[in-house]
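The sequence shown begins at 606 in my numbering and counts up one residue at a time. All residues carry an ideal CB built from backbone N, CA and C; glycine is no exception. The structure appears below as structure tokens.
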Amino acid sequence: MASVEFKNVCKKYGDVEAVVEANWLCEDREFFSILGPSGCGKSSSLRMIAGLEEITAGEIRFDDEIVNHLAPRDRNIAMVFENWALYPNMTVFDNIAFPLQVRELPSSEVDKKVRRAMQFLNLEHLENSGVRGLSGGEKQRIAIGRAIVRDPSVLIMDEPISHLDAGLRSRMRDELKSQVSELGVTTLYITHDQVESMAMADRIAIMNLGRIQQVGTPLDIYHNPRNEFVAGFIGEPPMNFADCELVAENGKFLAKSSSFEIAITGENEQALKDYKGTTKLRLGVRPESTMLVPQSGAGTVSAVVDFVEHQGDRSFVTVKLSNGEIFLVEAESGVELEINENVNVKLEEEYTHYFDAENGLNILFLDEEHD
Numbered sequence: 606m607a608s609v610e611f612k613n614v615c616k617k618y619g620d621v622e623a624v625v626e627a628n629w630l631c632e633d634r635e636f637f638s639i640l641g642p643s644g645c646g647k648s649s650s651l652r653m654i655a656g657l658e659e660i661t662a663g664e665i666r667f668d669d670e671i672v673n674h675l676a677p678r679d680r681n682i683a684m685v686f687e688n689w690a691l692y693p694n695m696t697v698f699d700n701i702a703f704p705l706q707v708r709e710l711p712s713s714e715v716d717k718k719v720r721r722a723m724q725f726l727n728l729e730h731l732e733n734s735g736v737r738g739l740s741g742g743e744k745q746r747i748a749i750g751r752a753i754v755r756d757p758s759v760l761i762m763d764e765p766i767s768h769l770d771a772g773l774r775s776r777m778r779d780e781l782k783s784q785v786s787e788l789g790v791t792t793l794y795i796t797h798d799q800v801e802s803m804a805m806a807d808r809i810a811i812m813n814l815g816r817i818q819q820v821g822t823p824l825d826i827y828h829n830p831r832n833e834f835v836a837g838f839i840g841e842p843p844m845n846f847a848d849c850e851l852v853a854e855n856g857k858f859l860a861k862s863s864s865f866e867i868a869i870t871g872e873n874e875q876a877l878k879d880y881k882g883t884t885k886l887r888l889g890v891r892p893e894s895t896m897l898v899p900q901s902g903a904g905t906v907s908a909v910v911d912f913v914e915h916q917g918d919r920s921f922v923t924v925k926l927s928n929g930e931i932f933l934v935e936a937e938s939g940v941e942l943e944i945n946e947n948v949n950v951k952l953e954e955e956y957t958h959y960f961d962a963e964n965g966l967n968i969l970f971l972d973e974e975h976d
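Take a look at the structure:
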């Protein structure tokens with residue numbers, strides 16, 4: 606197995622910067638996800654790791670070896686794609702054996718490796734079956750088997766379950782994570798689906814517009830987003846945002862808008878004591894960190910009900926602030942509200958974030974950005 610590291614990696618196509626000074630480290634045997642929207646640079650990153658694209662600048666390292674100029678065949682990587690790329694005219698055994706047969710390994714060694722992989726992936730009963738009529742889960746296991754028989758140092762998975770329906774995707778996430786954990790192989794998982802990354806990865810690198818936005822564990826990224834993009838991209842339903850003005854009064858900091866006036870306390874207050882940025886901020890709070898309360902007061906926002914969505918175990922209430930901004934509030938199951946009803950929304954200050962409106966950075970982590 607091997608660690609994989611990007612050190613100031615850049616990729617340009619003409620004047621277009623697809624990847625800009627990317628830095629991250631995937632540890633040996635780690636399940637590491639590269640996550641971002643379409644066009645963020647994750648596919649270019651994958652192709653550079655695989656050796657299918659030359660890098661423009663920087664270094665890609667497998668352990669301590671710089672692999673910039675190594676041919677794909679010399680990098681000892683294996684890939685699993687979205688459509689699994691199985692051969693419909695071959696049996697399950699032959700699909701898994703194919704990469705070994707291409708390398709002209711002795712038939713006895715091929716047989717040993719393939720049977721070991723089929724046993725591990727519970728495919729022995731399908732050895733002589735064709736692949737056309739198999740289930741999505743079975744096809745996924747075959748694709749993984751074909752990858753692992755090569756004993757790769759690095760396994761790259763390019764959106765392998767994104768084309769499945771929601772129910773099957775959920776089951777496949779659990780199965781895939783379990784299989785990869787048992788294998789103990791360094792895994793790079795490329796996806797646009799934040800649910801997949803959050804559910805499976807040990808750590809995540811989030812990309813946008815070619816730049817790494819944040820690297821961290823799923824929980825760290827969820828609770829401590831470094832900027833507004835990460836805060837809005839991670840989480841379902843997404844974080845609420847509202848424009849506000851930073852005001853200092855009587856030694857206290859307030860977040861003010863035409864819709865609310867909220868005292869800034871705790872870690873946010875401490876961070877603002879050394880803050881030299883704009884007074885224009887973006888308040889961010891997740892729906893589960895808001896609640897409907899009967900009375901207005903400190904930390905509350907006045908709003909009117911726009912829509913109520915019941916989801917069985919909980920309800921979500923879409924409310925409109927006086928300035929027209931929309932918040933989504935998590936409420937108790939079956940809450941009864943009328944459209945246009947006046948309500949008070951309390952924000953949990955401990956879980957409220959403030960972002961610099963000019964650069965999008967979370968005020969709690971400005972020192973890290975400037976280091």
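ask   = Does the distance from the C-beta atom of Ser758 to that of Phe698 stay below 8 angstroms?
value = no
inquiry  = Taking its Cβ as the centre, do 16 or more other Cβ atoms sit within 10 Å of Val685, making it buried, or is it exposed?
reply    = It is buried - the Cβ of Val685 has at least 16 other Cβ atoms within 10 Å.
inquiry  = Please return the same chain residues whose Cβ sits closer than 6 angstroms to the Cβ of Lys951, not counting the five positions on each side in sequence.
reply    = Met896, Val898, Gly904, Thr905
ask   = Just curious, the beta strand (DSSP E) that His915 is in, first and last residue?
value = 905-915
task = Taking Gln799 as part of the beta strand (DSSP E), name the residues at either end of that continuous run.
result = Careful: Gln799 lies outside any beta strand (DSSP E), inside the alpha helix (DSSP H) at 799-805.
key: Cβ-Cβ distance between Val909 and Asn949 below 8 angstroms   = No, the Cβ-Cβ distance between Val909 and Asn949 is not below 8 angstroms.
request  = Compare the C-alpha of Val707 against each of Glu872, Arg751, Glu670 and name the closest.
outcome  = Arg751
task = Return the CA-CA distance between Gly663 and Lys717, expressed in angstroms with no decimal places.
result = In this model, Gly663 and Lys717 are separated by some 40 angstroms (Cα to Cα).
task = Taking Ser863 as the reference, give the member of Met812, Val890, Ala836, Gly929 with the closest Cα.
result = Gly929
query = Taking the continuous alpha helix (DSSP H) assigned at Asp699, which residues delimit it?
reply = Looking at the DSSP string, the run of the alpha helix (DSSP H) that includes Asp699 is 697-707.
ask   = Grouping DSSP H, G and I as helix and E and B as strand, with all else coil, what is Ser862?
value = Reduced to three states, the DSSP call for Ser862 is coil.
query = Which term fits Ile671, buried or exposed, when burial requires 16 or more other beta carbons within 10 angstroms of its beta carbon?
reply = By the neighbour-count criterion, in which 16 or more other beta carbons inside 10 Å mark a residue as buried, Ile671 falls on the exposed side.
query = Can you list, in chain order, the stretches of the beta strand (DSSP E) that have 3 or more residues and sit fully within the stretch 753-788?
reply = Here the runs fully enclosed are 759-763.
key: For Gly646 and Asn812, believed in contact at Cβ under 8 angstroms, the rounded distance   = Reading off the sequence, residue 812 comes out as Met, not Asn. The pair is a contact, with the Cβ atoms about 5 angstroms apart (cut-off 8 angstroms).
key: Exposure of Asp763, with buried meaning 16 or more beta-carbon neighbours within 10 Å   = buried
Close Cβ partners of Thr792 (< 6 angstroms) along its chain, the five nearest in sequence each way excluded = Phe636, Leu760, Val785
Option nearest Val924 by Cα separation, candidates Asp918, Leu933, Gln916, Phe858 = Leu933
key: Backbone CA spacing between His797 and Gly856 [nearest angstrom]   = 44 angstroms
request  = Just confirm the distance between the C-beta atoms of Leu888 and Ala847, as a whole number of angstroms; I'd bet it's less than 8 angstroms.
outcome  = The C-beta distance from Leu888 to Ala847 rounds to 5 angstroms, short enough to meet the 8 angstroms contact threshold.
ask   = On the three-state DSSP scale, how would you describe Ile682?
value = strand
request  = Please list, in chain order, all residues of the same chain as Thr883 whose beta carbon is under 7 angstroms from its beta carbon, the five residues on each side excluded.
outcome  = Asp961, Ala962, Glu963
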